[in-house]
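Below is one structure, written out as structure tokens; the observations come after it.
In the numbering used here, the protein residues as written are 1 to 552.
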């Protein structure tokens with residue numbers, strides 16, 4: 001998964017920016033106040049953070065931010081998108097968010113309008129953004145447990161636990177529904193018996209409905225149908241001036257004409273065929289009229305059957321098939337209630353079996369987690385020492401959850417103490433953005449192989465850092481970029497020099513308006529930018545910049 005393109009229009013000082021981003025580690029540098037934070041702000045909007053119209057560039061009616069992610073394995077993402085009624089991915093995932101001067105906020109995924117909650121949920125899996133007041137998924141206890149399980153290679157056991165957990169909850173719900181108060185149970189049983197008896201007594205079949213409807217329509221209109229059929233039959237063959245009688249005269253004339261002129265055989269034969277067909281029609285109509293001569297009792301029986309069908313459909317379903325299905329469900333429920341004690345015992349036995357299996361699976365999960373937690377803690381502590389926290393403490397602390405959860409019987413809390421003498425505290429209680437950013441970097445380095453979030457963004461990673469620690473930060477970033485796409489806004493030359501690509505944010509004033517721009521620097525331009533970050537563009541600074549940019 002790769003963030004391939006970021007488009008920003010009319011956001012703060014950016015008028016129109018289209019940024020193509022390469023894989024690997026990208027550094028973003030520039031003078032203080034040039035507008036580097038706008039990049040972070042744009043990503044925050046795409047991650048579902050709150051927005052207000054103060055973000056609009058002065059004079060603009062609307063600002064938009066759009067990102068295109070490229071990838072070739074969308075199965076996990078498409079399942080979620082389709083559940084939310086969103087167009088699935090086919091090569092690209094496109095996120096877009098717009099904010100108008102009126103305060104209207106709209107968001108889209110693959111061109112489909114969506115909710116801010118959907119955008120935020122998707123953003124949680126796409127991007128980890130680390131900086132002051134930013135999107136930090138690792139601060140969530142649930143996310144911390146996910147990462148520990150990935151490190152422990154416990155996802156298969158966790159999925160097994162989840163299935164047993166869900167099955168157990170369904171059994172418990174069914175048991176509770178059956179084990180209702182006695183009065184309520186008897187009332188429901190009486191109703192079910194009435195419903196089942198009423199439907200069974202009707203002796204229904206789904207096919208009868210259409211047949212009965214056709215028979216009833218014909219029977220209810222039988223008098224008029226007999227009148228019409230008899231009238232046509234009479235005019236054809238029974239009246240004094242019947243059509244067939246008149247055609248007999250014309251037939252004689254045509255046969256005489258044929259004798260005089262054989263060429264007239266064709267119309268004479270056609271006339272003969274017409275007479276035969278009309279005779280058949282007259283006989284068919286007579287038979288039809290006789291078949292419609294229903295007695296009142298037959299018509300009354302049909303009317304009663306139709307009325308019964310309509311009454312049942314009003315109570316139990318739109319069609320006879322629905323009514324029959326309702327009766328089957330009611331009968332099943334009735335049998336369960338009538339055999340309540342036996343069913344309750346059966347469910348209780350299954351609940352006991354599932355509970356024991358859940359405990360065994362949960363215990364296996366706990367052993368995996370308990371074995372992995374110290375190893376993860378030690379790896380993070382080593383990374384923290386390289387990043388300048390020489391005497392810091394870190395612990396992935398496992399505890400038993402108060403109640404079983406879909407993820408198991410355990411809870412995990414990542415605890416950190418940056419300085420000697422300070423107690424371990426939850427990560428979310430750490431106030432310093434510089435500390436938490438480096439801590440995130442240490443954790444990400446330990447979990448690089450397991451963490452599925454494709455894009456890591458670091459801001460203020462260089463707070464209170466210098467010297468060899470800066471080189472270590474750069475090396476860690478470069479290592480992370482082997483498995484993730486990494487963006488880092490930095491003031492540290494060693495961190496920028498470690499990047500595989502570098503972009504510079506600049507600010508200029510044109511016609512009284514301020515514009516922020518972003519450009520990639522390579523070759524001499526990049527050496528000059530690193531030299532500027534070192535304190536100037538002197539010959540010594542340029543030489544040092546060239547040394548720092550040598551392939552590592």
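Ideal Cβ placement from N, Cα and C applies to all residues, glycine included.
- Contact between the segment 518–525 and the segment 60–67 is absent: fewer than 3 CB-CB pairs across the two stretches fall below 8 Å.
- Sequence-distant partners of residue 288 (beyond 5 residues in either direction) whose C-beta falls short of 7 Å from its own C-beta, in its chain, are 229.
- Around the beta-carbon of residue 280, fewer than 16 other beta-carbon atoms lie within 10 Å, marking it exposed.
- For residue 102, the three-state secondary structure derived from DSSP is coil.
- The beta carbon of residue 371 is closer than 8 Å to those of 152 in its chain, skipping five residues each way along the sequence.
- The segment 22–33 makes no contact with the segment 65–74, as fewer than three CB pairs between them are under 8 Å.
- For residue 505, DSSP records a beta bridge to 30, 518.
- Per DSSP, residue 130 is one residue of the beta strand (DSSP E) stretching across 127–130.
- A distance below 6 Å between beta-carbons, with the five flanking residues on each side excluded, links residue 216 to the following residues of its chain, in chain order: 302, 306.
- Spatial neighbours of residue 469 in its own chain (CB-CB distance under 7 Å, excluding positions within 5 residues in sequence) are listed in chain order as 387, 388.
- Across the structure, residue 535 and residue 545 are spaced so that their CA atoms are roughly 11 Å apart.
- According to DSSP, residue pairing for residue 425 in a beta bridge involves 416.
- Secondary structure of residue 70 (DSSP, three-state): strand.
- Within the segment 182–220, the runs of alpha helix (DSSP H) that reach at least 4 residues and sit entirely inside it are, in chain order, 182–201, 208–220.
- Our two residues, residue 452 and residue 377, have alpha carbons roughly 20 Å apart in a direct line.
- Here the alpha carbon of residue 330 sits roughly 41 Å from the alpha carbon of residue 121.
- A distance below 8 Å between beta-carbons, with the five flanking residues on each side excluded, links residue 178 to the following residues of its chain, in chain order: 336, 337, 340, 343, 344, 347.
- With three or more CB-CB distances shorter than 8 Å, the segment 112–130 counts as touching the segment 81–99.
- Considering only 275, 430, 332, 93, the residue with the shortest C-alpha distance to residue 249 is 275.
- Contact check for residue 244 and residue 278: beta-carbon distance about 6 Å, within the 8 Å limit, so the pair qualifies.
- Under the rule that a run must span 4 or more residues, the alpha helix (DSSP H) segments found entirely inside the segment 287–323 read 296–316.
- The C-beta of residue 107 has 16 or more other C-beta atoms within 10 Å across all chains shown, which makes the residue buried.
- Rounded to whole angstroms, the separation of the alpha carbons of residue 491 and residue 156 is 43 Å.
- As DSSP reads the structure, residue 398 sits in a beta bridge with 412.
- In this chain, the alpha helix (DSSP H) harbouring residue 495 covers 493–498.
- The DSSP-derived three-state label of residue 276 is helix.
- A contact is defined here as three or more CB-CB pairs under 8 Å, and the segment 407–421 meets this definition with respect to the segment 138–149.
- Inclusion of residue 506 and residue 22 in the CB contact set at 8 Å is not warranted, their separation being larger than that value.
- Contact between residue 394 and residue 13 does not hold, since their C-beta atoms are separated by about 39 Å, which reaches or exceeds 8 Å.
- The beta carbon of residue 204 sits closer than 6 Å to the beta carbons of 320, 324 from its chain, once the five residues preceding and following it are set aside; these are given in chain order.
- In the structure shown, residue 62 adopts extended strand secondary structure according to DSSP, grouped into three states.
- The Cβ-Cβ distance between residue 171 and residue 351 falls below 8 Å.
- Excluding sequence positions up to five before and after residue 447, its CB lies within less than 8 Å of the CB of 147, 150, 151, 376, all in the same chain and listed in chain order.
- Under the three-state reduction of DSSP, residue 25 is assigned to strand.
- Note that the C-beta distance between residue 47 and residue 127 is below 8 Å.
- Membership of residue 453 in any alpha helix (DSSP H) is not indicated, and neither H nor E is assigned to it by DSSP.
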